[in-house]
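Residues 2 to 338 (the working numbering) make up the sequence shown, in order.
No residue lacks a Cβ here, since even glycine has one placed at the ideal position from N, Cα and C.
Bear in mind that the values here come from a model prediction, so they are computed numbers and not experimental data.
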Amino acid sequence: MSDAGAVDDRGEQIQAAEREAAKQRILAQADADRIPAEETTRAVPDPADRLARQVAHAWTTFQHARYPQVVGLVPQLLTDAQRTHARDPGEGRVPLVEAYRVTAALLVKLGEADLAWLAVDRAMSAAIGDRMLVAAAAVQLGPVLRASGRVRAAKSAALAAAYRIAPPDPDAGTPAELSLCGTLLVQAALAVARHGGDHAAAELLGEAAGMAARVGEGHDHHRTGFGPTAVDLARVAAAVDLGEARDAVAWHEKTTQRDAWRWLPPEHRAAHLLDAARAYLQADDPTNAGRTLIEADRTAPAELRHRPAAREVVAQVARDPHAPATIIQLALTLGVT
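Written out as structure tokens, the structure is:
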């Protein structure tokens, strides 16, 4: 084996060991849905404002795609949120749901769908009785089910949650309601597209686009990032899953010219760029696929370096005989050649 190959193997082993250690730390805490009674009286929970800041910090760190840092934050965040909820369910419900949501979102990124299911199940359970919180928790349910290959269940769950939160009159709906409902419709559309339903996906995305127009750009209600640009980026992902490469590339090139594209968090932009790279691959354009991956790496390095699905895309592009030299170097750096 060459020295470079040995280094790549060692890097892979170290990353695998780190992921496993992180998984075990999160599993231990995510599975602790009940805090022992003696612990609730012995330990003083964090004040509500401090816990809210912890939750906001975890979400912001996630949205900047700093996944190793989020891995470090999540176990203590779950501990504090569980303890506060055990002492005061009313005060502790929102931070507990949000702590489980960000945990589920992180675990999907890391390719841990089974563990993400545990986190989102805890979020849904904690949210019962609050329609807005149930809808917010359901936003994470769609990606978890799709990552598990359960696309029919993902569609059903997203649609059920969307229609429960949908305002009777969209013009009278609050931005938060419309953002949650629209995001859930997008999740349903992505599940339908994964199953090959082009017409149904288009209808759902069209319905979501109508809600997005009412919400406008530049908002992040319930950490959805929902707006017209987010819906059009979802059209790219849906078109890729449907095998409609030309449409996917067209939507990508059109949507990323907007100012609102630059307002999106790095995580959202980098995740989209991976979808765009897949679209260019389908269109037999490895050069632009490679350039798009390099842009994703500049936008949010951890999206490529810590997300298994992203590493697979890098490997696909690097294997193409016409792949640019920059992507070959990136693949070597990631150890996916």
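Member of the options whose CA lies at the smallest distance from the CA of residue i
i      : options                        : result
Asp285 : Gln330, Ala214, Ala324, Leu146 : Ala324
Arg94  : Ala138, Gly143, Gln25          : Ala138
Arg165 : Leu78, Leu146, Arg132, Ala326  : Arg132
Ala246 : Pro229, Pro267, Asp276, Pro266 : Asp276
Ala301 : Gln64, Ala136, Ala49, Val72    : Gln64
Val208 : Val145, Thr61, Ala190          : Residue identity check: residue 208 is Glu in the sequence provided, not Val. Answer by Cα proximity: Ala190.
Met212 : Trp118, Ala163, Trp252         : Ala163
Phe227 : His253, Gly197, Leu186, Ala251 : Leu186
His299 : Arg312, Pro322, Ala271, Ala114 : Checking the displayed sequence, the identity of residue 299 turns out to be Arg instead of His. If we check each option's Cα against that of Arg299, Ala271 comes out closest.
Val72  : Ala167, Val109, Asp50          : Val109
Val98  : Gln141, Val145, His269, Arg312 : Gln141
Own chain residues within Cβ distance below 6 Å of residue i, not counting five before or after
i      : result
Ala249 : Val237, Ala240, Val241, Ala280
His1   : This structure leaves residue 1 out entirely; the chain is present only between 2 and 338.
Gly143 : Ala155, Ala159, Gln188
Leu274 : Thr293, Glu296, Ala297
Gly219 : Trp264
Ile36  : Residue confidence is low: Ile36 scores 49 on pLDDT, short of 50, so the model does not pin down where it sits. Its coordinate-derived value is still stated next. For Ile36, where only same-chain residues beyond five positions count, the Cβ hits under 6 Å are Gln83, Arg84, Ala87.
Pro266 : Gln64
Pro322 : none
Ala49  : Glu92
Ala210 : Val232
Pro168 : Gly174, Glu178
Leu74  : Ala59
Asp170 : none
Endpoints, alpha helix (DSSP H) assigned at residue i
i      : result
Ala231 : 229-242
Pro96  : 90-110
Thr62  : 49-64
Asp172 : No alpha helix (DSSP H) contains Asp172, which DSSP labels as neither H nor E.
Gly336 : It is not in any alpha helix (DSSP H) - Gly336 carries neither H nor E in the DSSP assignment.
Arg247 : 246-256
Asp131 : Careful: Asp131 lies outside any alpha helix (DSSP H) and carries neither H nor E.
Ala155 : 152-166
7 Å Cβ shell around residue i - same chain, five flanking residues per side excluded
i      : result
Val193 : Lys156, Ala201, Ala202, Leu205
Val318 : Ala278, Leu282, Pro287, Ala290, Gly291, Leu294, Ala324, Ile328
Asp199 : Leu243
Leu52  : Asp81, Ala82, Thr85, Pro96
Arg26  : Pro76
Arg320 : none
Arg195 : Arg147, Val152, Asp242
Ala310 : Gly112
Glu39  : A caution first: Glu39 carries a pLDDT of 49, below 50, which makes its placement in the model unreliable, though a value can still be read off. Contacts found: none.
Ala326 : none
His253 : Val237, Ala277, Ala280
Gly217 : Gly228
Ala106 : Phe63, Gln141
Cβ shell of residue i (< 8 Å), same chain only, five flanking positions each side left out
i      : result
Val315 : Leu294, Leu305, Ile328, Leu331, Ala332, Leu335, Val337
Thr41  : Bear in mind that the predicted position of Thr41 carries a pLDDT of just 46, short of 50, making it too unreliable to give a figure here.
Gln303 : For the sequence presented, residue 303 should be read as Ala rather than Gln. Excluding sequence neighbours, Ala303 sits near Ala66, Arg67, Tyr68, Pro69.
Ala214 : Pro229
Ile129 : Val135
Ser1   : For residue 1 there is no data in the structure shown, the boundaries of the chain being 2 and 338.
His269 : Gln64, Gly226, Ala231, Leu234
Arg43  : A caution first: Arg43 carries a pLDDT of 49, below 50, which makes its placement in the model unreliable, though a value can still be read off. Same-chain partners within the cutoff: there are none.
* Looking at C-beta atoms only, is the number of pairs between the region 106-126 and the region 87-95 that lie closer than 8 Å three or more? -> no
* Decide yes or no for the touch test of the region 167-181 against the region 146-158: beta carbon pairs closer than 8 Å, at least 3 of them. => no
* the region 251-263 / the region 52-63 touching (three or more Cβ pairs under 8 Å) -> no
* Asked: On the three-pair Cβ rule with 8 Å, is the region 219-226 touching the region 180-200?
  -> yes
* Asked: Taking one C-beta from the region 261-269 and one from the region 285-294 each time, how about it: are there three or more such pairs within less than 8 Å?
  -> no
* Every unbroken alpha helix (DSSP H) within the region 259-319, with a cutoff of 4 residues, ordered by chain -> 260-264, 267-283, 287-300, 302-306
* **Inside the region 175-228 only - alpha helix (DSSP H) runs reaching at least 4 residues** => 176-195, 199-216
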